[in-house]
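In this note's numbering, the protein residues as written are 721 to 1680.
Take a look at the structure:
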């Protein structure tokens, strides 16, 4: 492209966005080559909209207008356009002005802004999206305020400004409303932006899952083949909309195929098509996409392979596929996808290669692998579970797990979200969306490719340096239930979809096998639950005995959940009764219905028909209501020991009467069944942990206000600007110790001073300034923090000890020039810890904590939280490492000052959150004494902040 010579074309301003109706548009800077597009766009705008824009009749643009509106310097004069199909549908521009409203340059920080939207595209949220993007551009160019003059009758545009969430002023001057917007992001503007993002992205997925018409492009003339299979699956599932078979090779005489209208191209259908399934070879996909785009198709499911999973040429083909589809406002599932399913009665959509659609249920399933998708569908079907929706996204070049979470968040038909992920393209956004979704419904994730160090072929996502253990910790912080295998994914999903959340960790165990009960008891302890003594009903127990015992256990206020264990009942003849499975299932479901607020699971060994009896096929809705989130009763402090073997079951006093009473009619309760105690207990433990997170999330933590008194954010910003400006290479600056200490002090984090000790005399002089006792330590990189190598000498009480230590140090480890020794005043004895904060390109700012030395470096015992952290996050961070007992009085030692340590964590978090230029902070060691903390060492690195950050405008990912 040809651009003004004085400023380079800002390619990073280009972005794809999802609009309010679920369609997409591309936002980009206007260039000198857009003159004809601008004229054509303006001709399609109504006279009324032109009047609102120019405050007078303005039927056409003059040559001077076109030149002005297409020539920008991208600093003081900027224009952006929203495009669909390569043509303009809306424009926005700003012109920097001075206090008199005249054209100006920096340092003037105000600009006049104006919009124009084609009438056919008004109401789609185009102006709101453009305001977000032009606002981000203006902030990047040093503009802090927008001014706009709007006619009072232009209510739509006034609403765009009013609803943006920015701080604004309004006045009435010369017959126009003058609006002034402060462009600094606020909590309200961020909430507005994310709310619009959620609604738009959810709507885009809804359009894919609830089409009124579907065209299968690439339907073979002969039976078999991918296209023909998908067409058959759509028809057999009872799709409620219109179906079309499309193949350019159909003879002109072919009018129907398998009872469906057959055409040679989508453009020949003659009526709107909402969804197209592409099952043609990769080299024919571009032609099909163009055909769909010209016909107004809203979304694509691309089953075709041969894209990024096949190498560099395929990656370029995938990039072009997404670019072309988005240019027409279409979203894509795939390529290399397995398909999508929606079991709702109003859709009955099976646009996939799955021959048997799942039953209708309350579980949503998303996978990035077709093979895993097949396995999960089969596993859920085998265990009687139904789905609300299923999306197998393949290379997920466009629609991703983030989009699906946006949809499931407000989908009334989905109670549990299950995801199999092989890569997370935007971990920062994923954790944000998962946290919001998990606050209302469980999100269970299993992640493949955890240890390969790279994304699977086909997943072109940003590389993250964060290890998998850190990702797992951040997901759990967001309330995500992270499991290790697809089997555990199904196990957890079954329990969460059919059972209420437990109010606590106390678990009753009952069954007809003492051994199986003890295995369950041990599994509970392993998972951190608090099992009650197993109740052995003996092998002679009948279904009514199970019903009585389960009813009593559920009525016990000291029990939060029940695990029922069962083995086949052997009769006097040595045979089992095949009817026992059905009868036992009915008895257990009847008992469970008496206490709908407590979860029940069943562990059984080869009892035919039990699993089916526990999962009635007629149940397609929520089987038992989840209890309101509440504080559970105070559980027992220690688990009860297993009881002595007993030849007879423990029976409640009222059991005799209950046993003689007729069993109530079966209910629609669904109880999950597991073939092993460990699997049932692990699923239950995940539910317990998730319920605890839900209770805590209901009362989120906060950043204590007392921090504001000791923080000089403006002073820190000025210091950072000076340090970056003075650096020879501003891409990444490692601060000197003095500069790092100065910056940290501005956030209330004092670092104990150190003085150089190149020789014995210098060491003595330094000690005289600091005061005895002192420590002498090396700062050479290979010896730093290595007291085990003799590089640190502590508690030097006088000059003689100091001189001796200095001589021993230099004689044993090297010269003073090599060792770079320093003297530091002794800190109170305590526990040595390490606090780190680092910026990851994909995940954002992460705060980490652990004990210094071997626990964190050798054993990897570190805990992590996303910045900004709250007071609750800081407290949990300290307590979540395995070596945390050392901070709380382990083996009779005095507990240390953890509140002071939490304050240090909060201050570091605030520093990194306030100043994105701070890309790395390490405090080591941080000595936590019984009273107070001492920071003995600190390193800080700076870098220029990214052009866009989390407060920037919403965009679709640019990786394909």
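Glycine is no exception: its CB is placed at the ideal position from the N, C-alpha and C atoms. Nothing here was measured: the structure is a model prediction, and the numbers come from that model.
(1) Would you check if the segment 1635 to 1654 and the segment 821 to 829 touch, i.e. whether three or more CB-CB distances between them fall below 8 Å?
(2) Does DSSP put residue 1070 in a helix, a strand or coil?
(3) Based on DSSP bridge pairs, tell me the residues matched to residue 696.
(4) Closest by CA to residue 1005, which one among 1103, 1336, 777 and 1024?
(5) Under the three-state reduction of DSSP, which class applies to residue 1052: helix, strand or coil?
(6) Residue 1635: which of 1440, 1200 and 855 sits nearest, CA to CA?
(7) Across the segment 1567 to 1581 and the segment 1654 to 1668, are there enough close Cβ pairs to call them in contact, namely three or more that are closer than 8 Å?
(8) Contact between the segment 1524 to 1535 and the segment 1465 to 1476: three or more CB pairs below 8 Å?
(9) Note down the Cα distance separating residue 1353 from residue 952, rounded to an integer number of angstroms.
(10) Quick one: residues in its chain with C-beta nearer than 8 Å to the C-beta of residue 1000, no 5 flanking neighbours on either side, listed in chain order?
(11) Is there at least one non-hydrogen atom of the ligand FMN closer than 8 Å to the beta-carbon of residue 1109?
(12) Which of the three DSSP states is assigned to residue 1019 in this structure?
(13) Measure from the alpha carbon of residue 1512 to the alpha carbon of each residue in 1150, 994 and 1546, then state which is nearest.
(14) Would you give the residue range spanned by the alpha helix (DSSP H) that residue 1331 belongs to?
(15) Per DSSP, what are the beta-bridge partners of residue 1569 in this structure?
(16) Would you call the segment 922 to 934 in contact with the segment 860 to 872, where contact means no fewer than 3 C-beta pairs closer than 8 Å?
(17) Whole angstroms are fine: how far does the CA of residue 944 sit from the CA of residue 974?
(18) Going by beta carbon distance, what residues of the same chain come within less than 7 Å of residue 759, once the five residues before and after it are set aside?
(19) Does DSSP put residue 1324 in a helix, in a strand, or in coil?
(20) Given this structure, state the Cα-to-Cα distance separating residue 738 from residue 838, to the nearest angstrom.
(21) Quick check on DSSP: helix, strand or coil for residue 1031?
(22) Would you kindly work out how many angstroms separate the C-alpha atoms of residue 1310 and residue 1328, rounded to a whole number?
(23) Taking 8 Å as the cut-off, does the segment 841 to 858 touch the segment 805 to 813 (at least 3 CB pairs, one atom from each stretch)?
(24) Determine the extent of the beta strand (DSSP E) in which residue 1544 is found, giving its start and end residues.
(25) In the DSSP output, which residue or residues are listed as bridge partners for residue 812?
(26) Would you tell me roughly how many angstroms separate the C-alpha atoms of residue 1090 and residue 1103, rounded to the nearest one?
(27) Does the beta-carbon of residue 1438 have 16 or more other beta-carbons within 10 angstroms, so that it is buried, or is it exposed?
(28) Out of curiosity, what's the CA-to-CA distance linking residue 1431 and residue 1604?
(29) I'd like the list of long-range same chain contacts for residue 1074, defined as Cβ closer than 6 Å, with 5 residues on each side in sequence excluded.
(30) Can you list the alpha helix (DSSP H) stretches of 4 or more residues lying completely in the segment 910 to 980, in chain order?
(31) Once DSSP output is grouped into helix, strand and coil, what is the label at residue 857?
(32) Report the start-end ranges of each beta strand (DSSP E) in the segment 740 to 812 that is 3 residues or longer and not cut off at the edges.
(33) Could you round the C-beta distance between residue 1017 and residue 1042 to whole angstroms and report it? I think they count as a contact, below 8 Å.
(34) Quick check on this structure: which residue in 957, 1638, 1002 and 798 has the alpha carbon closest to the alpha carbon of residue 1452?
(35) Less than 8 Å between C-beta atoms, sequence neighbours within five positions excluded: which residues of the same chain meet that for residue 897?
(36) Tell me residue 887's beta-bridge partners as DSSP assigns them.
So, from the data block:
(1) Result no; under three Cβ-Cβ pairs closer than 8 Å.
(2) strand
(3) The displayed coordinates of the chain run from 721 to 1680. Any statement about residue 696 would go beyond what the structure contains.
(4) 1024
(5) strand
(6) Out of 1440, 1200 and 855, the CA that lies nearest to the CA of residue 1635 is found in 1440.
(7) In short, these stretches do not touch, since the Cβ pair count stays below three.
(8) no
(9) Because the pLDDT of residue 1353 is 40, which lies under 50, any placement of that residue in the model is unreliable, and the question is left without a value.
(10) 937, 938, 947, 1008 and 1024
(11) Ligands are entirely absent from the displayed structure, and the ligand FMN is therefore not among its contents.
(12) In the structure shown, residue 1019 adopts extended strand secondary structure according to DSSP, grouped into three states.
(13) Taking only the C-alpha atoms, the option nearest residue 1512 is 1546.
(14) 1330 to 1334 is the extent of the alpha helix (DSSP H) around residue 1331.
(15) 1555 and 1583
(16) no
(17) Taking the straight line joining both Cα atoms gives about 18 Å.
(18) 781 and 786
(19) strand
(20) 17 Å
(21) coil
(22) 19 Å
(23) yes
(24) Segment 1541 to 1545, the beta strand (DSSP E) holding residue 1544.
(25) The beta-bridge partner set that DSSP reports for residue 812 consists of 800 and 835.
(26) Between residue 1090 and residue 1103, the C-alpha separation is close to 20 Å.
(27) The residue is exposed, with fewer than 16 neighbouring Cβ atoms inside 10 Å.
(28) Using only the alpha carbons, I get a separation of about 29 Å.
(29) 1097
(30) 946 to 956
(31) helix
(32) 744 to 749 and 797 to 804
(33) At roughly 15 Å, the Cβ-Cβ gap does not stay under 8 Å, so residue 1017 and residue 1042 are not in contact.
(34) 1638
(35) Within the same chain, residue 897 has close Cβ partners 869, 870, 871, 872, 878, 890 and 891.
(36) 902
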